[in-house]
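Taking it in order: structure first as C-alpha coordinates, then the write-up.
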Amino acid sequence: MKRFVLLMLPLFVFALYAQEDETPKTFDEAQALIEKYTQEEATLKGEVDNLRSQAEALRSEVAELEKKIEELRAEIERLKQELEERSWYVVKPGDWLSKLAEYPEVYGHGNYRRWRDIYNANKHLIKDPNLIYPGWKLRIPRP
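If you're matching positions, the sequence shown starts at 1 in our numbering and goes up one per residue.
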(Lines of atoms letter the chains of each structure in order from A; the text may use other names.)
(Lines give C-alpha, C1' and ligand atoms only; values in the text may rest on other atoms or scores of the structure.)
Protein backbone atom coordinates (compact mmCIF):
# COMPACT_ATOMS: atom_id res chain seq x y z
CA MET A 1 0.00 0.00 0.00
CA LYS A 2 2.83 2.40 0.90
CA ARG A 3 4.66 1.62 -2.29
CA PHE A 4 1.53 2.17 -4.32
CA VAL A 5 0.92 5.56 -2.74
CA LEU A 6 4.57 6.57 -3.09
CA LEU A 7 4.57 5.54 -6.75
CA MET A 8 1.30 7.28 -7.51
CA LEU A 9 2.25 10.58 -5.81
CA PRO A 10 5.01 11.53 -8.29
CA LEU A 11 2.84 10.43 -11.20
CA PHE A 12 0.00 12.59 -9.95
CA VAL A 13 2.30 15.59 -9.47
CA PHE A 14 3.82 14.99 -12.90
CA ALA A 15 0.33 14.88 -14.41
CA LEU A 16 -0.49 18.18 -12.76
CA TYR A 17 2.64 19.72 -14.25
CA ALA A 18 1.81 18.26 -17.65
CA GLN A 19 -1.64 19.85 -17.60
CA GLU A 20 -0.11 23.32 -17.32
CA ASP A 21 -0.11 24.55 -20.89
CA GLU A 22 1.16 28.08 -20.38
CA THR A 23 4.62 28.92 -19.26
CA PRO A 24 5.09 31.72 -16.79
CA LYS A 25 6.00 34.97 -18.48
CA THR A 26 7.22 36.85 -15.47
CA PHE A 27 9.03 36.20 -12.25
CA ASP A 28 5.82 36.87 -10.27
CA GLU A 29 3.88 34.32 -12.32
CA ALA A 30 6.63 31.77 -11.73
CA GLN A 31 6.55 32.50 -7.99
CA ALA A 32 2.74 32.09 -8.00
CA LEU A 33 3.04 28.72 -9.77
CA ILE A 34 5.71 27.58 -7.32
CA GLU A 35 3.46 28.64 -4.43
CA LYS A 36 0.49 26.83 -5.99
CA TYR A 37 2.42 23.60 -6.53
CA THR A 38 3.93 23.78 -3.07
CA GLN A 39 0.43 24.02 -1.61
CA GLU A 40 -0.75 21.11 -3.76
CA GLU A 41 2.25 19.09 -2.63
CA ALA A 42 1.44 19.85 1.01
CA THR A 43 -2.18 18.85 0.42
CA LEU A 44 -1.12 15.60 -1.23
CA LYS A 45 1.34 14.85 1.58
CA GLY A 46 -1.51 15.37 4.04
CA GLU A 47 -3.64 12.93 2.07
CA VAL A 48 -0.78 10.42 1.99
CA ASP A 49 -0.34 10.73 5.76
CA ASN A 50 -4.09 10.29 6.22
CA LEU A 51 -4.05 7.19 4.02
CA ARG A 52 -1.07 5.80 5.93
CA SER A 53 -2.88 6.23 9.25
CA GLN A 54 -5.98 4.57 7.78
CA ALA A 55 -3.84 1.71 6.47
CA GLU A 56 -2.25 1.26 9.90
CA ALA A 57 -5.67 1.21 11.56
CA LEU A 58 -6.85 -1.37 9.04
CA ARG A 59 -3.74 -3.50 9.65
CA SER A 60 -4.43 -3.54 13.38
CA GLU A 61 -8.06 -4.41 12.67
CA VAL A 62 -6.97 -7.26 10.41
CA ALA A 63 -4.60 -8.53 13.11
CA GLU A 64 -7.44 -8.50 15.66
CA LEU A 65 -9.73 -10.33 13.25
CA GLU A 66 -7.06 -12.94 12.49
CA LYS A 67 -6.58 -13.48 16.21
CA LYS A 68 -10.34 -13.89 16.63
CA ILE A 69 -10.43 -16.35 13.71
CA GLU A 70 -7.71 -18.44 15.36
CA GLU A 71 -9.65 -18.41 18.64
CA LEU A 72 -12.79 -19.54 16.82
CA ARG A 73 -10.88 -22.30 15.03
CA ALA A 74 -9.57 -23.53 18.38
CA GLU A 75 -13.12 -23.43 19.78
CA ILE A 76 -14.40 -25.40 16.78
CA GLU A 77 -11.71 -28.04 17.32
CA ARG A 78 -12.56 -28.25 21.01
CA LEU A 79 -16.27 -28.65 20.22
CA LYS A 80 -15.52 -31.28 17.57
CA GLN A 81 -13.49 -33.19 20.14
CA GLU A 82 -16.30 -32.88 22.69
CA LEU A 83 -18.84 -34.06 20.12
CA GLU A 84 -16.63 -37.01 19.25
CA GLU A 85 -16.39 -37.94 22.93
CA ARG A 86 -20.16 -37.64 23.30
CA SER A 87 -20.73 -39.75 20.19
CA TRP A 88 -19.89 -42.97 22.04
CA TYR A 89 -21.54 -44.74 24.93
CA VAL A 90 -20.33 -47.79 26.84
CA VAL A 91 -23.23 -50.10 27.75
CA LYS A 92 -23.74 -50.70 31.48
CA PRO A 93 -25.60 -53.59 33.11
CA GLY A 94 -29.36 -53.07 32.90
CA ASP A 95 -29.27 -50.89 29.77
CA TRP A 96 -31.47 -51.44 26.76
CA LEU A 97 -31.67 -49.30 23.63
CA SER A 98 -34.79 -47.26 24.41
CA LYS A 99 -33.57 -46.61 27.97
CA LEU A 100 -30.17 -45.67 26.64
CA ALA A 101 -31.74 -43.20 24.18
CA GLU A 102 -33.37 -41.32 27.10
CA TYR A 103 -30.13 -40.78 29.03
CA PRO A 104 -29.24 -37.07 29.25
CA GLU A 105 -25.80 -37.71 27.78
CA VAL A 106 -27.34 -39.54 24.82
CA TYR A 107 -30.54 -37.88 23.53
CA GLY A 108 -32.29 -36.79 26.71
CA HIS A 109 -35.65 -37.36 28.36
CA GLY A 110 -38.52 -38.21 26.02
CA ASN A 111 -36.36 -39.43 23.15
CA TYR A 112 -36.81 -43.16 23.73
CA ARG A 113 -38.02 -43.51 20.12
CA ARG A 114 -34.52 -42.74 18.87
CA TRP A 115 -33.32 -46.20 19.94
CA ARG A 116 -33.57 -47.19 16.26
CA ASP A 117 -30.94 -44.54 15.36
CA ILE A 118 -28.55 -46.17 17.82
CA TYR A 119 -29.42 -49.62 16.50
CA ASN A 120 -28.91 -48.59 12.85
CA ALA A 121 -25.55 -46.99 13.66
CA ASN A 122 -24.35 -50.17 15.41
CA LYS A 123 -25.81 -52.95 13.25
CA HIS A 124 -22.33 -54.41 12.84
CA LEU A 125 -22.31 -55.11 16.60
CA ILE A 126 -25.99 -55.51 17.55
CA LYS A 127 -27.61 -58.57 15.97
CA ASP A 128 -30.77 -58.42 18.11
CA PRO A 129 -32.03 -54.94 19.19
CA ASN A 130 -33.48 -56.52 22.34
CA LEU A 131 -30.10 -57.85 23.43
CA ILE A 132 -27.10 -55.64 24.17
CA TYR A 133 -24.22 -56.50 26.46
CA PRO A 134 -22.38 -54.47 29.10
CA GLY A 135 -19.04 -53.18 27.93
CA TRP A 136 -20.08 -52.67 24.31
CA LYS A 137 -19.01 -49.30 22.97
CA LEU A 138 -21.92 -48.01 20.91
CA ARG A 139 -21.75 -45.14 18.46
CA ILE A 140 -24.40 -42.48 19.17
CA PRO A 141 -25.36 -40.67 15.95
CA ARG A 142 -25.87 -36.94 16.46
CA PRO A 143 -28.47 -34.95 14.57
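We treat Cβ as the ideally placed atom computed from N, Cα and C, and that holds for glycine.
All values derive from a computational prediction rather than experimental measurement.
Status (buried if at least 16 other CB within 10 Å, exposed otherwise) for residue i
i	result
R28	Position check: residue 28 holds Asp in this sequence, whereas Arg was assumed. That one is exposed.
L79	exposed
Y107	buried
D128	exposed
L72	exposed
L83	exposed
I126	buried
For residue i, the first and last residue of its enclosing alpha helix (DSSP H)
i	result
K67	F27 to R86
K99	L97 to E102
Y119	W115 to A121
For residue i: DSSP bridge partner residues
i	result
K127	Answer is none; K127 lacks a bridge partner.
Y89	L138
Terminal residues of the beta strand (DSSP E) in which residue i lies
i	result
R139	K137 to R139
Residue from the options with nearest C-alpha to residue i
i	options	result
L131	E84, G46 and D95	D95
L51	K127, F4 and R142	F4
V48	G110, P134, S98 and L9	L9
V13	E61, K137, R116 and E41	E41
A121	R139, P104 and E105	R139
C-beta atoms of residue i and residue j nearer than 9 Å
i	j	result
L100	W115	yes
P141	D117	yes
R86	S98	no
W136	V90	yes
N111	E105	no
Test: residue i CB closer than 9 Å to a CB of chain C
i	result
A32	Absent here is chain C; the protein component of the structure consists of one chain.
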